[in-house]
Each structure stands twice: as C-alpha cells, then as structure tokens.
Amino acid sequence: MTPEPTIRPRRLRTTPAMRRLVAQTEVAPRHLVLPMFVADGIAECKPISSMPGVVQHTVDSLRAAAAEAVSAGVGGLMLFGVPRAEDKDAVGSGADRSDGILNRALAALRSDLGDSTVLMADTCLDEFTDHGHCGVLDSAGRVDNDETLQRYAAMAVAQARAGAHVLGPSGMMDGQVAAIRTALDEAGYADTALLAYTAKYASAFYGPFRDAVDSSLTGDRRSYQQDPANRAEALRELDLDLAEGADMVMVKPAMAYLDILADVAADVTVPVAAYQVSGEYSMITAAAERGWIDRRAAVTESLTAIRRAGASIVLTYWAAEAAGWLRDQ
Ligand code: PBG
1046 MTPEPTIRPR RLRTTPAMRR LVAQTEVAPR HLVLPMFVAD GIAECKPISS MPGVVQHTVD
1106 SLRAAAAEAV SAGVGGLMLF GVPRAEDKDA VGSGADRSDG ILNRALAALR SDLGDSTVLM
1166 ADTCLDEFTD HGHCGVLDSA GRVDNDETLQ RYAAMAVAQA RAGAHVLGPS GMMDGQVAAI
1226 RTALDEAGYA DTALLAYTAK YASAFYGPFR DAVDSSLTGD RRSYQQDPAN RAEALRELDL
1286 DLAEGADMVM VKPAMAYLDI LADVAADVTV PVAAYQVSGE YSMITAAAER GWIDRRAAVT
1346 ESLTAIRRAG ASIVLTYWAA EAAGWLRDQ
C-alpha cells in the first residue's frame, strides 16, 4: 500500500527566499502616490497635529519635498490647496483663479519636475468654500449638484492650465466626470487624465484631513458621499464614471473598504486606485507612538493588503517613506 501524500502548504513558507519566490503581491515605489498639502499665507511649513509627520507646506517647502518624493521613486503626487481663511467664499473662487494657492503650486511643481512624475490635483471645492462643502449651496442651503458642475469645470480647466497631468474629482456630484471631461476637451486639454473618485464613502476616517485643510465644514457630507452600508451602489457609480470618461477609478477609504475595492477591481479594465486616508494614517501612527504596534511592519502590511485587494495605485501619506524602504530592500 502506498503511503498517503503529505500536503503541506508550510513547505512554501520555509525560508525567506522561498517566501520571496512565491509572494503573489508586490508593492513597488511606482505604485504609491503621495498626497501633499500646500497652504497660502504661511511663512514656514506647519505640522498637522492630528497627522504627526505630515505638514501643510509653503510653496517652497512643497517644491523641496516633492523633489525628494520623486527621487525616492513614488509614482505621482496628489496636491491639495489650503487657502487663507479670508480668501474662502461661497463659491470657492480661489479654486479656479490662476493665483489661487493650488494652481500656483501646480505651476511651480510642473516647472520644477516637468514630466518626470505624474502631477495630480484634487478637483473639489471644499477647501475653497467658506461653508466647507464640496459644492455650492442653493437657497435652502443644500449642495446644488448642477451649479457645482459648472464650478468643477472651471476649476478643472484652471488646474490643467497650471500643469496637472491628472485631475481627481472628489466631490461625488452626479455627472462630475462628464462635465469635467467636456470642459477639458473644449479648452484644448484632451490629454489631461481623470482619476475619478468613484466610490467615496462618507467616512469618519477623514477626520484628520479636515484639520489638514483647515476645513470650515459644520455638518456632514452624507447627501453626496456614499453610505458605508452600501456595496452594490459602488458598482453603479463605477458604471457611470466609466461611461462619463474616467481614465482611472478610485475607492476611498481603503482598509475598511477592501470588499468594495475587490468588487471594483474585478469589474474593470482601467487602473484602480485606493486612498489610504488620513484616519488610517493617524491610527497606525498613534498606535506606533504608544509602542502598541510596529509602525513599519503595519504600514507595509496595510499597503500590501490594499494592493492584494486589487489596487494598482495606492494614495498614501507614507508614499515617500515607504518608497525609500522598498527601494533599499
Ligand atoms: C474632499 C476630500 C477629502 C479627502 C480627500 N478629498 C475630505 C472629505 O471628503 O471630507 C480626505 C482625504 C483623507 O482623509 O486623507 N476634497
């Protein structure tokens, strides 16, 4: 009688070399995009208290940090602007002015870095409005979808003109991808790509970001961002964004939404991004500061998990640092 074969999955885990050989998922520097904040009216870069290690940059410190991230090998940069409080207004005028902080910063980085990286811009009004909403309000104080699209179109053209390679519409207005695509094409920016925030949930994990951009928001964004309870709706948003011309799609947040990410990734032929948001950053950072978690191991594991779930691109505040680790490996 022949003996039973022994089936032992552990054979493939015996040595580091064996584990390296059979690893299915890889995180490389080029997969990582660094979100960066640039603020107007500050003399030097300013720490964000709820995101230790992340700062609001001046244009000068942004240029230095961007150059450093690019030389570490990151795949791209995503810029957010923080205007002075007195420059915010009901329609977010600073968003499409060429001398608005975000557009000035884009122009500076594009002139420094040319096409050596992929320069992305957040296309949303919330940093620029005095009420903090992602769109303009109607007379009843509700976010007016179609009026907002006009503002996004103007903002998008200004960002493309300033030098962004990719725009990230993050406001979750219906029809935003089509409105922006049409405006870009009409203005002669047919090559500017769109990374659509396709499934963006109304999440508590954005808490620290609101500090990071000195948000004026009172209330919440539940009338435009998705309900965390909903899964199928993400695929509905996905169909619409693709039909409207999205070049890449994004799921946000990342870790609590890996099921959504896997659903989206299984359904598309365009690149899929996931955004490891501020609260995800702050949780790991805070636990590591207390000695409760191994920071580098937790960061690496979280990035691997997001890639494994289906993201080809990961937006993460650790992009530059993690790119350094990965390069030195
Ligand atoms: C809105 C926007 C937000 C984030 C990115 N773009 C905040 C929000 O929707 O309230 C959050 C990013 C993060 O938490 O890291 N323009």
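Residues 1046 to 1374, numbered by our numbering, are exactly what the sequence shown covers, in order. Glycine residues also receive a C-beta, built at the ideal position from the N, C-alpha and C atoms. Since the model is a prediction, treat every value here as computed from it, not as a measurement.
Around the C-beta of residue i, are 16 or more other C-beta atoms found within 10 angstroms, so that it is buried, or is it exposed?
i, result
"A1068", "exposed"
"M1063", "exposed"
"T1060", "exposed"
"A1367", "buried"
"Q1101", "buried"
"P1048", "exposed"
"I1093", "buried"
"S1347", "buried"
"D1308", "buried"
"A1342", "exposed"
"G1377", "No answer is possible for residue 1377: it lies beyond the span of the chain, which begins at 1046 and ends at 1374."
"D1339", "exposed"
Of the residues the options, which one's Cα is nearest the Cα of residue i?
i, options, result
"T1193", "G1120, Y1251, Y1269", "Y1269"
"V1381", "R1187, M1217, Q1221, I1225", "Residue numbering for the chain in the displayed model covers 1046 to 1374; residue 1381 lies beyond these limits and cannot be assessed."
"F1254", "M1046, A1319, F1125, V1104", "F1125"
"D1272", "D1189, S1347, M1217", "M1217"
"M1096", "G1369, D1085, Y1362", "Y1362"
"D1085", "A1110, S1116, E1113, V1127", "V1127"
"F1173", "Y1197, T1103, S1156, T1162", "Y1197"
"G1324", "A1209, R1142, A1257, I1087", "A1257"
"Q1321", "L1147, F1250, I1338, D1284", "F1250"
"L1077", "A1318, R1335, D1373, W1337", "A1318"
"A1110", "A1073, A1365, A1140, I1338", "A1365"
"L1240", "P1316, D1105, I1052, P1054", "P1316"
"V1136", "A1199, A1112, D1144, G1118", "A1199"
Starting from residue i, follow the alpha helix (DSSP H) in both directions and report where the run begins and ends.
i, result
"V1344", "1340-1353"
"G1139", "Here G1139 belongs to no alpha helix (DSSP H), and DSSP marks it neither H nor E."
"Q1221", "1221-1231"
"M1200", "1190-1207"
"I1146", "1146-1158"
"L1066", "1061-1067"
"E1049", "Note, E1049: premise wrong, no alpha helix (DSSP H); not H, not E."
"S1327", "1323-1334"
"D1259", "Run containing D1259: none; DSSP gives neither H nor E here."
Going by DSSP, what residues sit across from residue i in a beta bridge?
i, result
"K1133", "According to DSSP, K1133 bridges with nothing at all."
"G1369", "None; G1369 has no bridge partner."
"M1293", "L1240"
"T1174", "D1134"
"Y1246", "Q1271"
"P1092", "V1100"
"Q1009", "No answer is possible for residue 1009: it lies beyond the span of the chain, which begins at 1046 and ends at 1374."
"V1317", "V1294"
"M1123", "P1080, M1165"
"L1182", "V1188"
Could you give the first and the last residue of the continuous beta strand (DSSP E) run that contains residue i?
i, result
"Q1101", "1100-1102"
"A1299", "It is not in any beta strand (DSSP E) - A1299 carries neither H nor E in the DSSP assignment."
"M1165", "1163-1168"
"R1358", "It should be pointed out that residue 1358 corresponds to Ile in this sequence rather than to Arg. Note, I1358: beta strand (DSSP E), 1358-1361."
"A1079", "Checking the sequence shown, residue 1079 turns out to be Leu, not Ala. Taken as a continuous stretch (DSSP letters only), the beta strand (DSSP E) holding L1079 covers 1077-1084."
"P1214", "1211-1214"
**Message:** With three or more beta-carbon pairs closer than 8 Å as the criterion, would you say the segment 1269-1283 touches the segment 1325-1333?
**Reply:** no
**Message:** Taking 8 Å as the cut-off, does the segment 1258-1265 touch the segment 1288-1304 (at least 3 CB pairs, one atom from each stretch)?
**Reply:** no
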